[in-house]
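Below: the structure, in structure tokens.
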């Protein structure tokens, strides 16, 4: 499946920024584990949680848009079949 199946085209730049942030935060998490740096670990965890919440909200936006579109099409089809 394409990413466009899960996110709106208008949000794609922001989604990709958050994916990049996840990759960087993951590397920071590895550094934190290697160095036992709790501050770096907290920051990595915060960045991961922040980006995941944002990505999931963009997905919800796409699902809501698709549901609204399907609802409108369903109502239109019902009207057409009525007559």
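Numbering (UniProt numbering), first residue to last: 1 to 83.
C-beta atoms are modelled at their ideal positions from N, C-alpha and C, and glycine is treated no differently.
- In summary, residue 44 is buried, with 16 or more beta-carbon neighbours lying within 10 Å of its beta-carbon over all protein chains present.
- Taken in chain order, no unbroken stretch of alpha helix (DSSP H) lies wholly in the segment 29-75 with a span of 4 residues or more.
- By the beta-carbon neighbour count (other beta carbons within 10 angstroms, threshold 16), residue 51 is buried.
- Taking the C-beta atoms as reference points, residue 58 is found no nearer than 8 Å to residue 24.
- Nearest Cα to residue 17 within the set 33, 48, 41, 39: 48.
- For residue 71 and residue 64, the gap between their C-alpha atoms comes out near 10 Å.
- Around the beta-carbon of residue 55, 16 or more other beta-carbon atoms lie within 10 Å, marking it buried.
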